[in-house]
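If you read the sequence shown in the working numbering, its first letter stands for residue -19, the second for the next number, and so on.
So the structure is just underneath, and the comments pick up after that.
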Amino acid sequence: MAEAAPRRTGRNETEDERADRMWSELIQEVRVAQMGVQILFGFLLTVVFTPTYAKLGDTEQTIYIVTVVLGAAATGALIGPVSLHRLVSGRRIKPRAVEWASRLTFVGLVLLLATMTASLLLILRVATHDGFVPWIVTAVVLWYLLCWFGLPLWTRRRYTSRD
C-alpha cells in the first residue's frame, strides 16, 4: 500500500517530532475524559448495591444495565491509548500509535456521551415520572453534541488554512 502524502502541519517538524507533540496533546485530552468517565463509572457501580435499586422497575433496571455496560466500554476506550502506547513504545511506530490512540479516544468520547445520556435518562426517570424527561434528555444531548463536536468541527472548518 502506498504511503499517504505527508500532511502540512504549519510547523517545521519531522514526522517523529509531530507524533511526539500530538501524543502529548492527546494524553492531556484523554486525562480529562478519563477522569469524568471513571468518576461516573465508579458511581454507577455502587447503585446496584443500594436499597433503591431493588425498587426500580424493569425499564429502569434495563437502562441501568445498559448504562453500566456503556460506562465500562467508555472506560476501556479512554484507557486504551495508555496501553497502546506502553505496548508499542520503542517500536518506532509512534505516528501510527497516535492515529490509533486518537481513534480510541474518539470512540471513548462517543461512548461517554452515550453513558451520560443513559445516566441522565435513568436519574430523571427515577426522580420524576413526568413526560418532559425525554425533552430534557434530548436538550442536554444536543448541548453535548454542540460542545463536543459541533463547535470543534465548526472551528476546524472556519479557521483551518486552505494553503
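Glycine residues also receive a C-beta, built at the ideal position from the N, C-alpha and C atoms.
| Check | Outcome |
| --- | --- |
| Local Cβ density within 10 Å of valine 28, reported as buried at 16 or more and exposed below that | exposed |
| Inter-residue CB distance, valine 78 and alanine -1 (contact presumed, cutoff 8 Å) | 5 Å |
| Histidine 109 (DSSP reduced to helix, strand or coil) | coil |
| Segment limits, alpha helix (DSSP H) that includes glycine 70 | It is not in any alpha helix (DSSP H) - glycine 70 carries neither H nor E in the DSSP assignment. |
| Helix, strand or coil at serine 99 [DSSP, three-state] | helix |
| Contact check, leucine 92 vs valine 17, beta carbons under 7 Å | yes |
| Burial state of threonine 85 (16 or more Cβ within 10 Å) | buried |
| Buried or exposed by the 16-neighbour rule on C-beta atoms within 10 Å, applied to leucine 101 | buried |
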